[in-house]
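The working numbering applies: residue 17 is where the sequence shown begins, and numbers increase by one. Just so it is clear, CB atoms sit at the ideal spot from N, CA and C, and this is done for glycine as well. Computed from a prediction, not measured in an experiment: that's the story for all the values here.
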Amino acid sequence: MNALLSNLADACRKYRFTPKFLVVDSYRSGHQLLEALAQNGEPWLNLTPVTPLDLAFKITKKNFTDQGFELVSDGQVLFLIDEILEEMDSCGELTYFSELEGTEGLAGVLKGPLMELRMTGVLSGDIDPGDFVDEQKGREIKALLEKYEKKPLEQKLADAAALYDEALKMLGQDKTHGKETLYLIPEHLELDYLSFAFLDRLTRGCRMILPAEDVRGLPEPGGFYFRAEDRPEKSSPFSWLFDVENAPSSPGETEIFQAYGPACEVKEVFRRLKKENIPADKAVLCYTSAETYLPLILTISSACGIPVTFAEGVPAGFSRPGRLLFGLLAWLEENYAVPVLYRLFTAGDFKVPSEITLARLLRRAGIGWGRERYLGCLEDLEKGLQMQAKEAEAEEQEGLCAYLLNLREQALKLKEIISFLLEKIPPEDTGGVVDFNHLCSGLIDIIKEYARDVSNRDRTAKETLLEVLQETSRSCRGELPLRPALKRLKTQLGAVNVEPSGYEPGRLLATSLRRGAWAFRPFTFVVGLDSGSFPGSSLQDPVLLDRERAKISPNLVPVSTSPERNIHRLNRFLASCRGKITLSFPSFDPVEGRVSFPASALLQAYRLKAGNPGADYSAFMNSLANPSAYFAEERLDSLSEEEWWASGVLHGNKSGELQSVRACYPGLHAGLLAEEARDGELFTQFDGMVPVD
17 MNALLSNLAD ACRKYRFTPK FLVVDSYRSG HQLLEALAQN GEPWLNLTPV
67 TPLDLAFKIT KKNFTDQGFE LVSDGQVLFL IDEILEEMDS CGELTYFSEL
117 EGTEGLAGVL KGPLMELRMT GVLSGDIDPG DFVDEQKGRE IKALLEKYEK
167 KPLEQKLADA AALYDEALKM LGQDKTHGKE TLYLIPEHLE LDYLSFAFLD
217 RLTRGCRMIL PAEDVRGLPE PGGFYFRAED RPEKSSPFSW LFDVENAPSS
267 PGETEIFQAY GPACEVKEVF RRLKKENIPA DKAVLCYTSA ETYLPLILTI
317 SSACGIPVTF AEGVPAGFSR PGRLLFGLLA WLEENYAVPV LYRLFTAGDF
367 KVPSEITLAR LLRRAGIGWG RERYLGCLED LEKGLQMQAK EAEAEEQEGL
417 CAYLLNLREQ ALKLKEIISF LLEKIPPEDT GGVVDFNHLC SGLIDIIKEY
467 ARDVSNRDRT AKETLLEVLQ ETSRSCRGEL PLRPALKRLK TQLGAVNVEP
517 SGYEPGRLLA TSLRRGAWAF RPFTFVVGLD SGSFPGSSLQ DPVLLDRERA
567 KISPNLVPVS TSPERNIHRL NRFLASCRGK ITLSFPSFDP VEGRVSFPAS
617 ALLQAYRLKA GNPGADYSAF MNSLANPSAY FAEERLDSLS EEEWWASGVL
667 HGNKSGELQS VRACYPGLHA GLLAEEARDG ELFTQFDGMV PVD
């Protein structure tokens, strides 16, 4: 066991009958900790995982309920900020940000920094406009924060900051609250300042800090407020990842490989599971970029039949209802282009009978694009089919007549579906704007009526997407230009994940690097450690620059330090791993067609493994095997039948009998003939020679 599990087990043994709260970032993380304890044969009793926000809610629940308050949602926060910005604009208070007014996301752009100020405990009275590079910018942010402090209260709404503030006030009045409970706080728990202040007050005198692995050679980043006095007796060699000169030993079971792109990287992880006979439920796969790796892990594992659970869930866009919803948004964005709707029908995501026939009729109608063309063209198609059926009947072609009449019925059905879609989706007015609430409610009706939900994931995604659409509709009360409205919807819906899960028997756990700190399995794979993906960008937040943050509050974390925080997280995570660790990076970007390079952390891992603090990138790259590609080096490591055959052909084990192939497939024969002619010395028609009679 690592330091966290070992100290948690000690606390459970020492305080077996004492009520204990394990403070974690999510319930899923807490349950993973408890399962890891059980798997290591350590019993636990009277131990409940809890988040800081839930602790604050339990304290304030009665007061807030009595006063009629409810927690504000993300959609409501955007709506409130939109209202405030409109008020400021109408009063002439919005000049610095006025150029962004009317474009997508002014409320969305300001929401993050505003919530950050709130969760740091900064009040509008604490802000001096003179601390900003532009005083007008400071005045507008101060006014926005001041109005936001009042706006939710007027509507009986409370955000997380208000909840923590109220909880702190109540703890000040009742200093004995919660003292009968022992609070176990992991040292690596990342917190906003306000949640830390609340936890610090609540748990004072009745908490135990569970030490995490030491990280040597790197400064402690912001966000880690609790520090255990007792340090772990034993440390992993990875604690010295950035202090290789003083490392007592090299990490034993550590491997590094490169791959020809992210897809090949994921495939190689699965091949190693197979080759080394590693049970899926003994391994965890961590990725640095969810946008890149989540879709690949999902599609490749599904194609190869590898059972995987996703700690952060699966993007809703990969479900049938999600594909339909995003397809409809693309249809609107591309001016109701027929090819987009055609693909929706043929993909099987529309819950309609004979979808292929409907798709062919849609293409046959000659619509092209444009909302106004659909019903007229479909009516012409229906009349044309009816006329052709009459002609066939007159010529006594009964079979053709029946076929055409059936097509006409399908055309009428198609027209009915399109009419429903156009009725639910509001048109743009002459100014190019749409009613945002009407658009959201129309999409809700379409998904309810036509989204196909075959699996549990589909049903969960459908329910979740409907809730998010309902919530998003509250973020704007009026009209928006169509493209900003669609962009807002895609932003909100694109962040929706479904079916998040922790440990499950017989399944590999896929998780982000940040959540990997709560996963404990004997085999760890980390993918995506190329310099383009990790440790990330050090660009500042343009709304609150780092120099402005430093003047406003020392507890506001500089955004430019994000790479340093990511490196520290990786270092601590690797130090917490027990068992075999495999690190990898894509050495080539097949989409961009360019070489990718390993992150500096991988060079450090090589130096630690080799026991050579002075090793450079050349030595590191020379130590690696050839990049893992789309097909396995050894046929027995193949993940599918197609891969097995392709590996055999590529590596010369299965050359095949080419003459028989050419005899069976004239097209291949013609292509091979052309290739042979072009490779020859004679100038032929395959090189561009035009015969002259």
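Can you tell me where the alpha helix (DSSP H) holding residue i begins and where it ends?
| i | result |
| --- | --- |
| L218 | 209-219 |
| T315 | 306-320 |
| A591 | 578-592 |
| Q413 | Q413 -> no alpha helix (DSSP H), and no H or E assigned at all. |
| R499 | 498-510 |
| E281 | 278-291 |
| Y180 | 176-189 |
| V484 | 472-489 |
| F342 | 336-349 |
| T373 | 371-380 |
| R387 | Careful: R387 lies outside any alpha helix (DSSP H) and carries neither H nor E. |
| S22 | 19-30 |
For residue i, which residues from the same chain have a beta carbon less than 7 angstroms from its beta carbon, with the 5 sequence-adjacent residues on both sides left out?
| i | result |
| --- | --- |
| G734 | Coverage of the chain is limited to positions 17 through 709, which leaves residue 734 absent and any answer about it impossible. |
| A183 | A72, I75, T76, F214 |
| P145 | E151, G154, R155, K158 |
| E261 | P629 |
| E398 | R424, A427, L428, K431 |
| A539 | It should be pointed out that residue 539 corresponds to Phe in this sequence rather than to Ala. If we look at F539 and ignore the five residues flanking it on each side, its Cβ neighbours are I294, K298, A299, G595, K596. |
Taking the beta strand (DSSP E) that residue i falls in, what are its first and last residues?
| i | result |
| --- | --- |
| A159 | Here A159 belongs to no beta strand (DSSP E); instead the alpha helix (DSSP H) covers 151-170. |
| T362 | Unbroken run through T362 is the alpha helix (DSSP H), 354-362; no beta strand (DSSP E). |
| E271 | 270-275 |
| C302 | 299-303 |
| L198 | 198-202 |
| L226 | 223-226 |
| L38 | 36-39 |
| T325 | 324-326 |
If we ignore side chains and look at the alpha-carbon of each, how far apart do residue i and residue j end up?
| i | j | result |
| --- | --- | --- |
| W347 | L341 | 10 angstroms |
| S265 | L94 | 52 angstroms |
| R560 | D246 | In the sequence on display, residue 560 carries Leu and not Arg. Going by the C-alpha atoms only, they are around 37 angstroms apart. |
| G118 | F613 | Below a pLDDT of 50, predicted positions are generally treated as unreliable, and G118, at 43, falls in that range; no measurement from the model is reported. |
| R376 | Y358 | 8 angstroms |
| L374 | L401 | 14 angstroms |
| L160 | P570 | 21 angstroms |
| P288 | L21 | Checking the displayed sequence, the identity of residue 288 turns out to be Arg instead of Pro. Each residue's alpha carbon lies about 27 angstroms from the other. |
| K185 | D98 | 30 angstroms |
| A648 | Q274 | 14 angstroms |
| P65 | L428 | 57 angstroms |
| E120 | A178 | Any reading at E120 must be qualified, since the residue scores a pLDDT of 46, below 50, and its modelled position is unreliable; no value is offered. |
| L198 | Q189 | 21 angstroms |
| L69 | V484 | 22 angstroms |
| L416 | A408 | 6 angstroms |
| G277 | L652 | 22 angstroms |
| P602 | T111 | 46 angstroms |
| E444 | E479 | 28 angstroms |
| I225 | S528 | 25 angstroms |
| A511 | R473 | 16 angstroms |
| L688 | L666 | 18 angstroms |
Between which residues of its own chain and residue i is the CB-CB distance below 6 angstroms, once the five residues before and five after are set aside?
| i | result |
| --- | --- |
| M705 | F699 |
| I322 | F286 |
| E520 | T325 |
| S251 | D230 |
| S654 | A648, W660, S663 |
Just to confirm my understanding: we take residue i, look at its own chain, exclude 5 residues before and 5 after, and list those with CB closer than 8 angstroms. What are they?
| i | result |
| --- | --- |
| L173 | F85, E86, L87, V88, Q92, L96 |
| L391 | K431, I434, S435, L438 |
| Q620 | L257, F258, V260 |
| G522 | P295, A296, D297, P323 |
| V149 | L561, R563, E564 |
Problem - Segments of 4+ residues assigned as alpha helix (DSSP H) that fall wholly inside the segment 516-545 - result: As far as the segment 516-545 is concerned, it has no whole alpha helix (DSSP H) run of at least 4 residues.
Handout entry: Whole beta strand (DSSP E) elements within the segment 415-470, 3-residue minimum
Key = 449-451
Exercise for the section: Kindly provide the ranges of any alpha helix (DSSP H) runs that are 4 or more residues long and lie completely inside the segment 49-130, ordered along the chain. Expected result: 68-82, 90-106
Problem - Entirely enclosed beta strand (DSSP E) segments - the segment 596-684, minimum 3 residues - result: Note on the segment 596-684: whole beta strand (DSSP E) runs with a minimum of 3 residues are 596-602, in chain order.
Practice task
Kindly confirm or deny that the segment 39-49 and the segment 533-540 touch, where touching means at least three C-beta pairs closer than 8 angstroms.
Solution key: In this structure the segment 39-49 lies against the segment 533-540, because at least three pairs of beta carbons, one per stretch, are closer than 8 angstroms.
Practice task
Would you check if the segment 453-466 and the segment 486-495 touch, i.e. whether three or more CB-CB distances between them fall below 8 angstroms?
Solution key: yes
Exercise for the section: For the segment 503-522 and the segment 17-31, state whether three or more C-beta atom pairs, one from each stretch, are separated by less than 8 angstroms. Expected result: No, because fewer than three Cβ pairs between the segment 503-522 and the segment 17-31 fall closer than 8 angstroms, the two stretches do not touch.
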